[in-house]
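Below is one structure, written out as structure tokens; the observations come after it.
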Amino acid sequence: MNPSTQRWSTPDGLAIHCRIWDLPGASQEIWLVHGMGDHGGRNQELAERLNQQGFRVVLADQRGCGLSEGKRGHAPRFETLVDDLHQTVTQTQTEGAAKYLLGQSMGGLVVARYLAMYPSDIRGAALFSPLFRTTNPPPPWLKLLARTLNRIYPSLTFQAALKVSDLTSDVSKQQQYIADPLKHQQISAALAHSVLRAGETALLEANRMGVPLLVMHGDEDQITCPSASQGFADKAPRAEFRLWNGKRHDLQHETDNEPILATLFAWLDELSATETPRGEPLEPS
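Shown next, in the form of structure tokens:
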């Protein structure tokens, strides 16, 4: 089915574009949060599969991405994206439905920080290749440059050094990405600087995650760091970690991804069959 659309305005006046796969009578809903420079439309296949699994699905384009407004690749600080997710959930939720989150890449970091920053009734969250650290850490001079530019010209954007072949081994998906007019590879000094800090904070505060988590990563990911994801999951009280051999960054777009999706669906099914406490952040131990 084709999704409906909804737009809402951020406190600083930007229109956020949402795609919604409704399901009459659905008792569960899930918000998908895409990565840097991506947009919700690229995850339509995953949204449709989740819809077939009985979920109402909401896909929002983050500010500066896709059909949402804002300078491409810019947010004044990383936490602004977390605040935007909170408003997206508030603006698009349905009463009484069990709520889940799924974040991919930088969207996985947004979800992790959301769970720490906002006491909520989220039932569970899945993180695909979350951006806690990059696989190849930026050199000190680049960190210094980002920190300096963040002070003097925070909205200045530059091109991320991203290889399309690092996203997926599926050549057809690579070609679709190249031809996609809504994607971009821009990131601002402010966002680059604050993403690095947010990733480290998420790792430090993983023990505060109060909801069940499914963290999955490919062992051939050259963009985000698999060992950082495992470290996060090891520290989180209720996390399950899966490392996929031979898989790259975009797990949902990889070749032979049925076992990956089956793991996600089985985890959601098991979670929905149990009575899960509210996802309040835990106090540090």
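So that you can map any letter, position 278 of the sequence shown is 952 in my numbering, and since no number is skipped, the others follow by simple counting. The C-beta atom is built at its ideal place from N, Cα and C for all residues, glycine as well.
For residue i, tell me which candidate among the options has the shortest Cα-Cα distance.
i	options	result
G740	I704, G709, P793	G709
G714	G884, R723, A872, S742	S742
P855	N931, G711, K837	G711
T762	R737, A880, S903	R737
S701	A689, K773, H760, Q765	K773
G798	E703, L755, A902	E703
D758	V889, C692, G699	C692
M883	G920, D795, Q767, S839	D795
K837	D895, Q767, L805, L819	D895
T768	D696, N931, P911	D696
E944	P793, A853, Q727, T764	Q727
I690	H760, E719, P812	H760
T808	A910, T842, G873, K909	G873
E722	F915, W941, L935, L755	L935
P804	K909, M890, D930	M890
D735	Q778, F729, L819	Q778
P913	N931, G920, W941, D930	A quick correction: the sequence has Ala, not Pro, at residue 913. When each option's Cα is compared against that of A913, the closest is W941.
Note the first and the last residue of the continuous beta strand (DSSP E) segment covering residue i.
i	result
Q833	831 to 833
Q860	860 to 862
How big is the Cα-Cα spacing for residue i and residue j?
i	j	result
F939	N725	11 Å
R821	W815	10 Å
N810	G781	19 Å
N881	L887	12 Å
W918	R751	32 Å
G744	L688	6 Å
L657	W705	Since the displayed the chain opens at 675 and closes at 959, residue 657 lies outside it and no answer follows.
Q680	L878	36 Å
Y827	P685	22 Å
R922	T937	17 Å
V784	P698	29 Å
L925	L830	30 Å
K817	R871	11 Å
G747	H858	8 Å
P951	Q765	For P951, the predicted model reports a pLDDT of 45, less than 50, meaning its position is unreliable and no value from the coordinates is stated.
I694	A907	30 Å
S959	R916	Since pLDDT at S959 reaches only 45, below the 50 mark, its modelled position is unreliable, and the value read off the structure follows with that caveat. So the alpha carbons of these two residues sit roughly 25 Å apart.
Q833	Q860	5 Å
M675	A864	38 Å
V885	K909	13 Å
V869	D893	22 Å
T948	S839	39 Å
S678	P812	40 Å
P793	R787	11 Å
Q718	I897	22 Å
Based on the DSSP output, what are the partners of residue i in its beta bridges?
i	result
R693	T679, L733
I704	V731, Y774
L917	H891
Assuming residue i is part of the alpha helix (DSSP H), what are its boundary residues?
i	result
E944	932 to 946
Q718	718 to 726
Practice task
Could you pull out every unbroken alpha helix (DSSP H) segment of at least 4 residues lying fully inside the stretch 751 to 823, listed in chain order?
Solution key: 752 to 766, 780 to 791
Practice task
Write down every uninterrupted run of the alpha helix (DSSP H) in the stretch 854 to 912 whose length is 4 residues or greater and which is fully enclosed by it, in chain order.
Solution key: 863 to 878, 900 to 909
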